[in-house]
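Reading through the structure tokens given below for one structure.
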Amino acid sequence: MRLRHLALLLAGLTTTSAAFAADADRWTLPVAVKKLDNGLTVVVSEDHTSPTVGVSVVYHVGMRLEPKNRTGFAHLFEHLMFEGTPNAKEGVFDRVITGGGGRNNGSTRADFTNYIEVAPASALEPILWLEADRMKTLDFNPTTLKNQQDVVKEEIRVNVKNQPYGGFMWIDIGQQAFQKWENNHDGYGSFQDLENASLEDVAAFHRDYYGPNNAVLGLAGDITPEQGFALAQKYFGEIPARKTPAAPDYREGLNTQEKRIVQSDALAQVPAIAVGWKMPDRGSKDQAPMAVLGALLADGDASRFYQGTVKGRELALNMELLYGLTSEWEYDGPTLFVVNALYKPTSSADALLKAFDEEIAKVADQGVDDAALKRVKTQLLANWYNGLETFIDRADALAKLQTLWGDARVVNQIPGWIEGVTSADVQRVAKTYLTPANRTVIDRKPAAMLAPAAAPAAAKKN
Numbered sequence: 027m028r029l030r031h032l033a034l035l036l037a038g039l040t041t042t043s044a045a046f047a048a049d050a051d052r053w054t055l056p057v058a059v060k061k062l063d064n065g066l067t068v069v070v071s072e073d074h075t076s077p078t079v080g081v082s083v084v085y086h087v088g089m090r091l092e093p094k095n096r097t098g099f100a101h102l103f104e105h106l107m108f109e110g111t112p113n114a115k116e117g118v119f120d121r122v123i124t125g126g127g128g129r130n131n132g133s134t135r136a137d138f139t140n141y142i143e144v145a146p147a148s149a150l151e152p153i154l155w156l157e158a159d160r161m162k163t164l165d166f167n168p169t170t171l172k173n174q175q176d177v178v179k180e181e182i183r184v185n186v187k188n189q190p191y192g193g194f195m196w197i198d199i200g201q202q203a204f205q206k207w208e209n210n211h212d213g214y215g216s217f218q219d220l221e222n223a224s225l226e227d228v229a230a231f232h233r234d235y236y237g238p239n240n241a242v243l244g245l246a247g248d249i250t251p252e253q254g255f256a257l258a259q260k261y262f263g264e265i266p267a268r269k270t271p272a273a274p275d276y277r278e279g280l281n282t283q284e285k286r287i288v289q290s291d292a293l294a295q296v297p298a299i300a301v302g303w304k305m306p307d308r309g310s311k312d313q314a315p316m317a318v319l320g321a322l323l324a325d326g327d328a329s330r331f332y333q334g335t336v337k338g339r340e341l342a343l344n345m346e347l348l349y350g351l352t353s354e355w356e357y358d359g360p361t362l363f364v365v366n367a368l369y370k371p372t373s374s375a376d377a378l379l380k381a382f383d384e385e386i387a388k389v390a391d392q393g394v395d396d397a398a399l400k401r402v403k404t405q406l407l408a409n410w411y412n413g414l415e416t417f418i419d420r421a422d423a424l425a426k427l428q429t430l431w432g433d434a435r436v437v438n439q440i441p442g443w444i445e446g447v448t449s450a451d452v453q454r455v456a457k458t459y460l461t462p463a464n465r466t467v468i469d470r471k472p473a474a475m476l477a478p479a480a481a482p483a484a485a486k487k488n
């Protein structure tokens, strides 16, 4: 993720509370989809509640598809996309967008890399020109590559190596839980792999994965589908499709034996635990029930894990829910439901796991009462709709859904899937997925807690 503190539009320009459909309990987004002759898929969601437009370009490549011996390459390339082209030198991209009152960012995940902008509708055409320009080619040169290699390495130092716990809840847990290289390598990358990346590697990556046929353009806001499709054709239509390498088979089944790891942390003050269970496949009948179960157990202060281990028995100091680096709806390969917590030195990983297992067993044996099920569904629906509120997030969500699910209209189906989850569904997924055999546990302890006790001094002889 590029950490960018750029000028924001006035809050009222990017929120769209007036855009709800007539049905008070359901927000149906307008979604129009068209594929250009070169393979670029364009998704438009029309909403004239403010004179702004959100833009997202999502490429179907991420950490899972980066070349072997080039760990961190997808992330490195995300940075390189902001370093200029032969037509728009370094800095032009940011100046044009922020100068027009907008902001931009980009991020890399396991299954996609996304580039997002929001700006007044009057600034849309320059943004599309810039996005199409860097889809065509980049300014590949040794100085730019070296600069961004150093930037990514510094990001690793700051965010991982020099931080207590070092991202163990999303880096290390995946390395331990998954078997295939595509799923278990460090997406930040090793310094050696980053330094070994050549200009030829960079150019080949752009050629192979950054063609229009491997991308989705999402537009949301003050624009009609006809306008959006016409502008996409104008700026992207002449970019030729490029052959994209076939994806490897990165599918994995559930784990069949629990894995436990103890790690030492020189910077941590208190111990921490990360517990990861393999999730249902995207699009399976178990995905929505698992989302409900995850929220019931670990999302927020009202969750059962929080009430049982933080509030109740006071074993843990906090509780965090993760779905890898993305959400419970935005993955296209093996991912984890992860619960991460700091815990008291007077407690233990075993005590926390026992407490978690007790709460899981209650659900597996008894299901969920109607009031709790309704509360959790309402919470999930609120989270889903809040994530679509701003135009930049809406454009990005639609582009990602089109990329991962093959149909952006899933945006209007997910609320129904959530509402349709029954107590029996939640029981089923608790029994199937949240088992000790499907569980990977990392117990991360301060180095001082793992240091051997000093030997007692020998008795002094007279």
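Everything in the sequence shown is counted per my numbering, starting at 27 for the first residue and increasing by one. Quick reminder that beta carbons are idealized off the backbone N, C-alpha and C, glycines included.
Proximity of residue i and residue j at Cβ, strictly below 7 Å
i, j, result
"Thr97", "Gly193", "no"
"Ser71", "Leu55", "yes"
"Ala158", "Tyr261", "yes"
"Gly110", "Glu104", "no"
"Ala161", "Ile265", "Note on identity: in this sequence residue 161 is Met, with Ala being the wrong assignment. Yes, the pair counts as a contact, with Cβ atoms nearer than the cut-off."
"Pro315", "Val455", "yes"
"Thr67", "Gln428", "yes"
"Lys414", "Ala423", "Position check: residue 414 holds Leu in this sequence, whereas Lys was assumed. Yes, the Cβ-Cβ distance between Leu414 and Ala423 is below 7 Å."
"Arg135", "Thr416", "no"
"Ala321", "Phe331", "no"
"Ile197", "Ile468", "no"
"Arg470", "Tyr191", "yes"
"Ala328", "Glu354", "no"
Boundaries of the beta strand (DSSP E) in which residue i is found, first to last residue
i, result
"Arg129", "Arg129 to Thr134"
"Lys471", "Arg465 to Pro472"
"Ala58", "Ala58 to Lys61"
"Leu220", "Leu220 -> not in any beta strand (DSSP E); alpha helix (DSSP H) instead, spanning Phe217 to Asn222."
"Val68", "Thr67 to Glu72"
"Glu346", "Glu346 to Leu348"
Counted within 10 angstroms of its Cβ, other Cβ atoms place residue i as buried (16 or more) or exposed
i, result
"His31", "Residue confidence for His31 is low, a pLDDT of 31 falling below 50, so the modelled location carries little weight and cannot support an answer."
"His232", "buried"
"Asn412", "exposed"
"His211", "buried"
"Leu34", "Confidence in Leu34 is poor, its pLDDT being 32 and thus under 50, which makes the residue's placement unreliable; the coordinate value appears in the next sentence. With fewer than 16 other Cβ atoms within 10 Å, it is exposed."
"Asn167", "exposed"
"Leu460", "buried"
"Asp49", "Residue confidence is low: Asp49 scores 48 on pLDDT, short of 50, so the model does not pin down where it sits. No coordinate-derived value is stated."
"Met475", "exposed"
"Asn113", "exposed"
"Ala47", "Here Ala47 scores only 40 on pLDDT, less than 50, and its place in the model is too uncertain to base an answer on."
"Ala421", "buried"
"Gln174", "buried"
"Asn281", "buried"
"Leu225", "exposed"
Bounding residues of the alpha helix (DSSP H) (the contiguous stretch that carries residue i)
i, result
"Ser16", "In the structure displayed, the chain extends from 27 to 488; residue 16 sits before or after that span and is not available."
"Thr139", "Counting along the chain, Thr139 falls outside any alpha helix (DSSP H), though it belongs to the beta strand (DSSP E) covering Thr139 to Pro146."
"Lys426", "Phe417 to Trp431"
"Ala397", "Asp396 to Asn412"
"Val365", "Here Val365 belongs to no alpha helix (DSSP H); instead the beta strand (DSSP E) covers Leu362 to Leu368."
Proximity test, residue i beta-carbon vs the ligand GTP heavy atom, cut-off 6 Å
i, result
"Gly110", "This structure lacks the ligand GTP; in fact it carries no ligand of any kind."
Legend entry - the region 434-443 contacting the region 269-280, beta-carbon criterion three pairs below 8 Å: With a cut-off of 8 Å, the region 269-280 and the region 434-443 do not count as touching, because too few Cβ pairs lie within range.
Inset, instruction - Would you check if there are 3 or more beta carbon pairs closer than 8 Å linking the region 291-300 to the region 441-459? - result: When C-beta atoms of the region 291-300 are compared with those of the region 441-459, fewer than three pairs fall below 8 Å, so the two segments do not count as touching.
Inset, instruction - Mind the definition here: the region 77-89 touches the region 237-247 only if three or more C-beta pairs lie below 8 Å; say whether that holds. - result: Segments in contact, yes.
Legend entry - Stretch pair the region 285-292 + the region 338-350: three plus CB contacts closer than 8 Å: Using a Cβ-Cβ distance cut-off of 8 Å, the region 285-292 and the region 338-350 are not in contact, since fewer than three pairs of beta carbons, one from each stretch, lie closer than that value.
Legend entry - Those runs of the alpha helix (DSSP H) which lie wholly inside the region 247-299 and span at least 4 residues: Complete alpha helix (DSSP H) runs here, min 4: 251-262.
Legend entry - Meets three-Cβ-pair contact criterion under 8 Å: the region 199-211 and the region 140-152: They do not touch, by the three-pair rule.
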